[in-house]
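Counting from 29, one number per residue, gives the positions in the sequence shown under the numbering used here.
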Amino acid sequence: MSGRVQKQSMSELKLRRLTEHNQRLREDLARPRIRVSEASKSLINYCKSTPDHLHPFALLALSVIILRKPVTALEVLA
């Protein structure tokens, strides 16, 4: 009798796991999607409009503005 109860509890456990997995898949399916082309365009626009303060030429331009004197790229990188 114990074997039958164990098989039933194992099948219930398997059913519960499958049901939970099915629910997670439904939630993933319901998540809003965006096309790759739209995401790429958005990323390109962000990169063009947001200054990169770690880029040497951006630092060079900032140093000229802040220090009000020309600085070489090697000085910026040092």
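Just so you know, even glycine gets a beta-carbon here, dropped at the ideal spot from N, CA and C.
Looking at the backbone, the Cα of SER39 and that of PRO60 are separated by about 34 angstroms. Taking the CA atoms as reference points, GLU48 sits about 11 angstroms from LEU41. ARG32 and ALA58 have their C-alpha atoms roughly 39 angstroms apart. Inter-residue distance for SER70 and ASP56 is about 23 angstroms (C-alpha atoms, whole angstroms).
Separation of TYR74 and ARG63 (C-alpha to C-alpha, rounded to the nearest whole angstrom) is 17 angstroms. In the structure shown, ASP56 adopts helical secondary structure according to DSSP, grouped into three states. Annotated three-state conformation of ARG63 is coil, per DSSP.
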